[in-house]
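Numbering (the working numbering), first residue to last: 63 to 293.
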C-alpha cells in the first residue's frame, strides 16, 4: 500500500500481544507508518480497548477511516477466556494480587452452567475500580491506586451468549458474546459471587468484533514486515 492508501483510510486487524496496551499498539503502528513513508503526521486510532493482560482482535483505523471508529466500537464482540474460581483480586484479573479466598466444594458443572444462563440478557454492570472509566475527569484506576474509595455507577450492558466450554480444577473456560461497554472482568467477578464463592478473570482473548475475526488478524511484527516489503 502507498501512503495515499493510509491517508484515504485503512482498517487493520491486529492480534494484540499480551502485556501491550491498546495505545501502545496504535502508537507503534503510527510510528512505523511515519518512518516508512517519512511523514510527520497521520491519524491512527483503535476501535475498542483491550486490557494489557488480554490478547486478540484489535481494529486499527488509519486516515479517514478513523471517522468510522465509533461504528466499529458499537458492534457485538466475542471473547474466550478462563475464570479462576475461589479467589478474588481488587482488579478482577491478574493485574493485582489475590485478596480473598472462598470455598468451592459446592460448585459443580451443573451449577456453573445454570449460573451462566442467569447472566444472559440485559444487566446492570459495575465497571472494575481498576479501569479507564472516568469519574470527575480522572480514571478510576487512578483513584484505586491512590487507595481512594469512590462510588462507581452501574451501566446497562447486554450478554447475548455465555457458554461454558470446560469446568475443571476450579477453572471455568468460557465463550461470551456481548455489547459495547461490557467488562468481562466484572462478569467474572459477578459470576463468582452468584456461585456463592469468588472469582477473577485469569485469561481473555477477543475473537470477534462484528463480522471481523481474529483468525484474519496479523501480529504487530507481521504488519511491520508487510509495511517494509510494500515500499
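Glycine included, every Cβ here is placed at the ideal spot set by N, Cα and C. If you're wondering where the values come from, they're calculated on a predicted model, not measured in any experiment.
Leaving out the 5 sequence neighbours to the left and right, which residues in its chain are closer than 6 Å to residue i when beta-carbon positions are compared?
{"i": "residue 253", "result": "261"}
{"i": "residue 286", "result": "94"}
Just tell me which of the options has its CA closest to the CA of residue i.
{"i": "residue 174", "options": "267, 255 and 84", "result": "255"}
{"i": "residue 116", "options": "227, 87 and 178", "result": "87"}
{"i": "residue 92", "options": "158, 69, 77 and 113", "result": "69"}
{"i": "residue 119", "options": "106, 160, 282 and 181", "result": "282"}
{"i": "residue 270", "options": "288, 248, 291 and 242", "result": "242"}
{"i": "residue 251", "options": "240, 264 and 239", "result": "264"}
{"i": "residue 257", "options": "129, 167, 108 and 158", "result": "167"}
{"i": "residue 217", "options": "138, 230 and 184", "result": "184"}
{"i": "residue 128", "options": "148, 65, 169 and 107", "result": "107"}
{"i": "residue 215", "options": "186, 279 and 80", "result": "186"}
Does the separation of the CB atoms of residue i and residue j fall below 9 Å?
{"i": "residue 104", "j": "residue 124", "result": "yes"}
{"i": "residue 131", "j": "residue 274", "result": "no"}
{"i": "residue 245", "j": "residue 189", "result": "yes"}
{"i": "residue 226", "j": "residue 98", "result": "no"}
{"i": "residue 228", "j": "residue 234", "result": "yes"}
{"i": "residue 162", "j": "residue 150", "result": "yes"}
Strictly by DSSP, which residues pair up with residue i?
{"i": "residue 233", "result": "146 and 230"}
{"i": "residue 224", "result": "238"}
{"i": "residue 140", "result": "239 and 270"}
{"i": "residue 183", "result": "221"}
{"i": "residue 119", "result": "77"}
{"i": "residue 263", "result": "145"}
Within 9 Å (strictly less), CB to CB, does residue i reach chain C?
{"i": "residue 80", "result": "Absent from the structure is chain C; it holds one protein chain and no more."}
Measure the beta-carbon distance from residue i to residue j and round it to whole angstroms, keeping in mind my assumption that it falls under 8 Å.
{"i": "residue 277", "j": "residue 146", "result": "The pair is not a contact, with the Cβ atoms about 27 Å apart (cut-off 8 Å)."}
{"i": "residue 172", "j": "residue 126", "result": "The Cβ separation is near 52 Å, so there is no contact."}
{"i": "residue 224", "j": "residue 181", "result": "5 Å"}
{"i": "residue 134", "j": "residue 109", "result": "3 Å"}
{"i": "residue 268", "j": "residue 112", "result": "6 Å"}
Skipping 5 residues on each side, what residues in its chain have a beta carbon closer than 8 Å to that of residue i?
{"i": "residue 290", "result": "98"}
Could you check if residue i belongs to the surroundings of the ligand GTP, using beta carbon to heavy atom distance under 8 Å?
{"i": "residue 76", "result": "Although the ligand GTP was asked about, the structure shown includes no ligands whatsoever."}
Skipping 5 residues on each side, what residues in its chain have a beta carbon closer than 7 Å to that of residue i?
{"i": "residue 90", "result": "282"}
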